[in-house]
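Input: a single structure, listed below in structure tokens.
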Amino acid sequence: GEYSHRVQMGGGDELSQMAEEFNELTGRLQTTEEVRRRFVSDASHELKTPLASIRLLTDSILQNGDIDPGTVREFVGDIGEESERLQRITEKLLTLTRLDAAAPVNTEPVDVEEVARRVEHMLEPLARAVDVSITLDLAPGLYIRCTRDDLYQIIFNLVENAVKYNLPGGRVLITARPELDRAVLTVEDTGVGIPQEDLAKIFDRFYRVDKARSRAAGGTGLGLSIVQDTARRHGGTVKAQRREPEGTCFTVTFPLCRGEGSV
Ligand code: ADP
Numbered sequence: 332g333e334y335s336h337r338v339q340m341g342g343g344d345e346l347s348q349m350a351e352e353f354n355e356l357t358g359r360l361q362t363t364e365e366v367r368r369r370f371v372s373d374a375s376h377e378l379k380t381p382l383a384s385i386r387l388l389t390d391s392i393l394q395n396g397d398i399d400p401g402t403v404r405e406f407v408g409d410i411g412e413e414s415e416r417l418q419r420i421t422e423k424l425l426t427l428t429r430l431d432a433a434a435p436v437n438t439e440p441v442d443v444e445e446v447a448r449r450v451e452h453m454l455e456p457l458a459r460a461v462d463v464s465i466t467l468d469l470a471p472g473l474y475i476r477c478t479r480d481d482l483y484q485i486i487f488n489l490v491e492n493a494v495k496y497n498l499p500g501g502r503v504l505i506t507a508r509p510e511l512d513r514a515v516l517t518v519e520d521t522g523v524g525i526p527q528e529d530l531a532k533i534f535d536r537f538y539r540v541d542k543a544r545s546r547a548a549g550g551t552g553l554g555l556s557i558v559q560d561t562a563r564r565h566g567g568t569v570k571a572q573r574r575e576p577e578g579t580c581f582t583v584t585f586p587l588c589r590g591e592g593s594v
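In this note's numbering, the protein residues as written are 332 to 594.
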């Protein structure tokens with residue numbers, strides 16, 4: 332049962348405090364176990380879908396003696412596409428598994444402006460191809476304790492989504508500024524937006540608002556959970572809000588690092 336490991340202690344002494352800590356730990360472990368079980372079941376489901384398509388397509392080719400070459404080409408193309416999907420999913424699953432490991436290593440002060448500019452540079456061709464413009468408004472000299480790869484991944488996933496879920500002629504704005512003792516990074520877009528009732532769920536693994544659209548855009552539903560896990564590992568927070576009159580705004584905050592060499 333859920334409370335089978337609870338320890339009962341009275342009084343305000345040291346022992347009862349230990350009992351409380353034990354109970355809290357047990358509770359957390361149960362949740363972790365539940366999360367892990369759900370993750371495995373979600374992951375299996377996501378892998379089963381493309382695998383089933385691949386099997387169906389190969390069977391169609393093999394069992395149809397007089398199938399014409401054009402159809403074979405089409406089916407093999409579909410098989411290739413599904414394989415790529417499997418590859419994307421497994422790569423992201425591996426990233427998430429690494430995130431589950433212990434505390435981050437090799438962190439250093441990372442320049443938010445430099446990394447955001449780099450992401451913009453890398454996604455500019457994709458944005459241009461779908462007629463979306465990217466604008467930057469970045470305060471200089473903002474450093475956070477992170478790894479460059481992790482910060483790059485966070486900003487990349489958010490900006491890639493802002494471009495992917497946008498409309499022709501749309502805009503993406505990336506800002507970074509200090510606020511008290513935190514660095515605040517926002518990625519805003521004028522895109523399709525996220526319904527209010529989905530906002531809380533988009534950080535869940537494999538969650539997609541519009542499955543067809545996400546699939547067409549090459550989505551796996553893992554990008555935002557990677558953003559959230561990675562940010563949390565470095566003391567960060569992430570939230571999504573609807574933007575008026577349209578689009579979405581993602582806000583990421585990190586503790587600013589001060590007086591550490593390069594600052
Ligand atoms: P995906 O690989 O599907 O893009 P993500 O975890 O990155 O997975 O995002 C989860 C879902 O949240 C997406 O499928 C999409 O429906 C929605 N989403 C994410 N970013 C945006 C955005 N900027 N605008 C609108 N919808 C978004």
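Ideal placement from N, C-alpha and C gives every residue a C-beta, glycine not left out.
Q) Taking the C-alpha atoms as reference points, what is the distance between Thr584 and Thr402? A) 51 Å
Q) Taking 7 Å as the cut-off, is the CB of Leu553 close to at least one heavy atom of the ligand ADP? A) yes
Q. Is Ala547 near the ligand ADP, judged by its Cβ being under 7 Å from some heavy atom?
A. no
Q. Going by other Cβ atoms of all chains shown within 10 Å of its Cβ, with 16 needed for buried, is Ala543 buried or exposed?
A. exposed
Q | Residue burial classification, Thr363 (beta-carbon count within 10 angstroms, cutoff 16) | A | exposed
(Q) Please classify Asp512 as buried or exposed, where buried requires at least 16 neighbouring CB atoms within 10 angstroms. (A) exposed
Q: Give the DSSP bridge partners of Thr568, in chain order.
A: Thr584
Q: Let me know the secondary structure DSSP gives Pro515 once reduced to three states.
A: The amino acid at residue 515 is misidentified as Pro; the sequence shows Val. Strand.
Q.
Let me check you understand the geometry: is the CB of Ile533 closer than 7 Å to at least one non-hydrogen atom of the ligand MN?
A. Annotation note on the ligand MN: not contained in the displayed structure, which lists the ligand ADP as its ligands.
Q) On the premise that Arg449 lies in contact with Tyr483, defined as a C-beta separation below 8 Å, what is that separation, rounded to the nearest angstrom? A) 7 Å
**Q.** DSSP-derived helix/strand/coil call for Glu577
**A.** coil
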